[in-house]
Amino acid sequence: MVRGRIDFIELPCGDVAEMQGFYGAVFGWEFEQFGPTYACTMTGDVDIGFQADTPEQSDAPLPVIQVPDLEAALASVEAVGGDVTRPIFAFPGGRRFHFRDPAGNEIAAHKPD
Numbered sequence: 046m047v048r049g050r051i052d053f054i055e056l057p058c059g060d061v062a063e064m065q066g067f068y069g070a071v072f073g074w075e076f077e078q079f080g081p082t083y084a085c086t087m088t089g090d091v092d093i094g095f096q097a098d099t100p101e102q103s104d105a106p107l108p109v110i111q112v113p114d115l116e117a118a119l120a121s122v123e124a125v126g127g128d129v130t131r132p133i134f135a136f137p138g139g140r141r142f143h144f145r146d147p148a149g150n151e152i153a154a155h156k157p158d
């Protein structure tokens with residue numbers, strides 16, 4: 046078992062600027078831009094990201110769980126029969142993998158750099 050906590054939620058979208066404008070106006074959030082198709086808050090609490098790169102998008106909001114040992118988390122998911130939908134990959138700020146739980150929800154686990 047690997048302890049972890051949700052620290053990020055990634056939302057699929059069509060237009061990052063539109064999402065930034067909406068959430069900025071409603072909640073006063075500020076965003077870090079990571080290219081034309083991705084932006085996120087960087088508060089250090091539970092952050093939110095907007096993914097407009099269609100091949101990279103999940104089908105629904107993607108909860109992301111921070112773990113201290115990514116390989117151990119992957120092994121735990123596989124040991125209990127979780128379906129790994131995306132093996133470990135690097136992204137700006139860390140590494141992560143995606144999996145489906147028994148109900149079919151897509152979740153990600155990540156370890157920051």
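For the sequence shown, the tail end lands on 158 under the numbering used here, and the numbers increase by one without skipping.
Just so you know, even glycine gets a beta-carbon here, dropped at the ideal spot from N, CA and C.
Per DSSP, reduced to three states, the secondary structure at V129 is strand.
I51 sits away from I133, with the two beta carbons spaced by 7 Å or more.
Cβ-Cβ separation between F76 and T86: approximately 6 Å, consistent with a contact (criterion under 8 Å). Bounds of the alpha helix (DSSP H) holding E116 are L115 to A124. The beta carbon of A118 sits closer than 6 Å to the beta carbons of V47, V112 and A154 from its chain, once the five residues preceding and following it are set aside; these are given in chain order.
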